[in-house]
Structures are given as structure tokens and as C-alpha cells.
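Notes to accompany the following structure.
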Ligand SMILES: Cc1cc2nc3c(=O)[nH]c(=O)nc-3n(C[C@H](O)[C@H](O)[C@H](O)COP(=O)(O)O)c2cc1C
Ligand code: SF4
Ligand code: SF4
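If you want it as C-alpha cells, here you go:
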């Protein structure tokens with residue numbers, strides 16, 4: 710199969726191409742039509758996504774056809790929409806420590822998803838371990854098993870270890886993965902991508918090493934880990950728009966951040982001034 714040429718582009722222009730700049734996890738919301746879709750015709754496909762730096766939104770858009778509605782999980786949570794019905798329901802999320810982001814885990818634990826076919830696409834940057842098995846366990850325990858679960862490697866946005874500009878130079882076979890997944894879900898394939906015992910052990914070793922509680926995943930406090938440089942900030946409110954937790958506020962004293970934080974880095978990636986930085990990193994995770 711012919712590969713797309715690998716191009717070197719800046720993180721900012723990549724986000725722009727994805728339509729993500731100042732429109733990250735939170736900003737692309739529940740369309741007004743969701744209310745009507747619950748009353749009128751059941752839509753053929755709902756695609757629910759969580760994204761911080763655009764990978765999952767890009768994937769969701771690439772998997773969408775004219776009968777698909779894209780819905781942001783942070784917006785669904787904010788608007789208390791947990792009952793969804795469609796012929797097919799898909800979910801796209803980034804793995805954090807091989808697990809779903811806390812908000813995605815909590816969403817599936819509360820959601821009632823009614824569909825003939827449910828599929829999940831988990832994006833990652835470097836090491837997926839048994840991410841598929843973890844989602845299978847979580848969704849099954851929530852009473853919401855998925856027919857198809859797969860992973861897809863993309864740009865790694867874990868800032869402490871990876872330079873996104875460098876990551877974007879690496880060919881991660883994204884068009885090939887998308888074609889494979891499109892064909893699978895088009896045929897309503899019932900399949901879970903296999904993983905090895907070694908990968909499961911690697912994840913268990915990771916939890917033991919870091920002391921991360923899987924129920925909490927990377928849930929931290931934004932005021933503890935992020936600093937905003939008042940001299941560089943221009944008060945554009947991009948951080949306010951993109952934070953899935955609503956942790957940023959424009960105040961008379963400038964921008965402030967406080968609250969439970971997914972550690973997704975949407976705020977850092979989307980700040981046009983690079984005014985947001987780490988105060989420090991959690992020791993066990995870097
Ligand atoms: C807190 C955090 C933890 C992550 N953990 C992993 C991981 O365990 N393995 C991996 O390969 N990538 C990991 N990543 C990278 C993301 O899963 C990957 O870049 C994803 O495609 C980002 O999707 P998004 O752009 O839609 O936010 C992590 C990223 C973050 C922010
Ligand atoms: S911190 Fe960055 S994104 Fe937030 S208001 Fe300031 S310049 Fe804009
Ligand atoms: S404050 Fe936390 S949850 Fe909000 S965008 Fe930044 S990293 Fe994500």
C-alpha cells in the first residue's frame with residue numbers, strides 16, 4: 710500500500726490542520742442536534758471522543774461519514790448526557806499509562822449506550838501494553854461491553870519524554886491504520902486486538918513502580934503542577950476553552966488554574982504564547 714509522504718510540520722500547524730487550535734477537548738461540543746436525535750430518528754453512528762492534542766479528534770473525523778455525529782466526552786459529561794442510542798456507537802480516546810483517561814473511565818461507568826455495534830479505538834504514542842484488555846474489563850464491568858477494540862499509534866504527546874515536533878517526523882503508518890479500522894468497522898467486525906502476557910505484566914510492573922491507582926489514573930491537581938507566566942500570557946482564553954475539566958479562569962488578576970486535572974496537556978499544547986509550563990513533574994511518572 711502506498712504511504713503518505715512524511716512531512717515535517719510544526720505542532721501548531723498540525724493542530725491548526727486538525728481544526729483543533731482553540732478547540733480542544735472541551736470546545737468541540739455536543740451539537741444542538743443531540744437533543745433532537747434522542748427524540749426523533751436514531752442516528753446511524755455516534756462517535757464519542759476525548760482528545761487533548763488532536764490525535765483522537767483527527768481519528769474520529771477520519772472515521773466519520775455523513776451519518777456520523779461526533780460528540781466530545783467532556784461536553785457530554787458537562788451537559789449530563791449519559792444515555793445515548795444509535796445503530797453504532799464508537800469511542801476514541803488516548804491511553805494514559807495504558808488506561809483510559811479518568812474522565813473516560815467515569816463516563817463509561819455511568820453511561821447507558823444502546824447500539825447494535827460498539828467499537829473503541831485507543832490511540833497511543835509509544836507503548837500500548839494491554840490497553841485493549843483494560844478497556845474490555847472496564848467496559849464489561851460497567852455493563853457496556855464493546856464488540857471491537859483496537860489501538861492506533863500516533864504522535865506521542867507525553868511532554869516529559871517526547872518532543873512532539875520530533876514525533877511528527879516519524880512515520881506512524883496512520884493512513885494504513887485508518888484504512889484497516891475503517892474496513893473493520895464498516896464490516897462490523899467483532900474482534901479485540903490481541904495482546905501478550907508480557908504486555909500485561911509490563912502494565913502491572915508500571916502500576917507497581919509508579920504507585921498509580923488505576924481508578925484515579927493520572928488525576929492530579931492543576932494548581933500543583935502548572936504555572937502561568939503572567940508576562941507572556943495575552944489573556945486569549947485558549948486554555949479556558951480547551952481544558953476538559955474547566956480548570957482555567959480569566960480573572961482581573963490574570964489567568965488562574967485550579968482543579969482536578971487529567972494531566973492531558975491540552976492547556977500547554979494550545980497556549981499560543983507557551984505561557985503555561987510545569988512547576989514540576991510527578992516523580993514516579995517521569
Ligand atoms: C498523561 C499521559 C499519559 C500517556 N501514557 C501513554 C502510554 O502509556 N503509552 C503511550 O504509548 N502513550 C501514552 N501517552 C500518549 C498519548 O496516548 C498519545 O499521544 C495520544 O494519541 C494523544 O491523543 P490526543 O492527541 O487525542 O490527546 C500519554 C499521554 C499523556 C498525556
Ligand atoms: S495562558 Fe496561554 S492560552 Fe491561557 S490565556 Fe494566557 S496566552 Fe492564552
Ligand atoms: S489543566 Fe489539566 S485537565 Fe486541564 S487542560 Fe491542562 S492538563 Fe488538561
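Numbering (the numbering used here), first residue to last: 710 to 995.
No residue lacks a Cβ here, since even glycine has one placed at the ideal position from N, Cα and C.
Computed from a predicted model, the values in this text were never measured in an experiment.
The stretch 763-839 contains, as complete beta strand (DSSP E) runs of 3+ residues, the segments 777-781, 792-794, 797-803, 821-823, 826-833 (chain order). Counting along the chain, the unbroken beta strand (DSSP E) around residue 861 starts and ends at 857-862.
Rounded to the nearest angstrom, the gap between the Cα atoms of residue 854 and residue 938 is 45 Å. Ligand 2 has no heavy atom closer than 8 Å to the beta-carbon of residue 798. Residue 957 has its Cβ nearer than 8 Å to a heavy atom of ligand 2.
The beta carbons of residue 953 and residue 782 sit closer together than 9 Å.
Rounded to the nearest whole angstrom, the C-alpha separation of residue 796 and residue 770 is 18 Å.
Between ligand 1 and residue 865, a heavy atom-to-CB distance of less than 8 Å is present. 9 Å or more divides the Cβ of residue 969 from the Cβ of residue 916.
The C-beta of residue 761 has 16 or more other C-beta atoms within 10 Å across all chains shown, which makes the residue buried.
Annotation for residue 963: no alpha helix (DSSP H) segment contains it, though the beta strand (DSSP E) segment containing it runs 963-966. A contact between stretches requires three or more CB pairs, one per stretch, nearer than 8 Å, and the stretch 777-791 meets this requirement with the stretch 804-821. Taking a cut-off of 8 Å on C-beta distances, the stretch 846-861 does not touch the stretch 979-992, as fewer than three cross pairs fall below it. Residue 983 counts as exposed, since fewer than 16 other beta carbons sit within 10 angstroms of its beta carbon.
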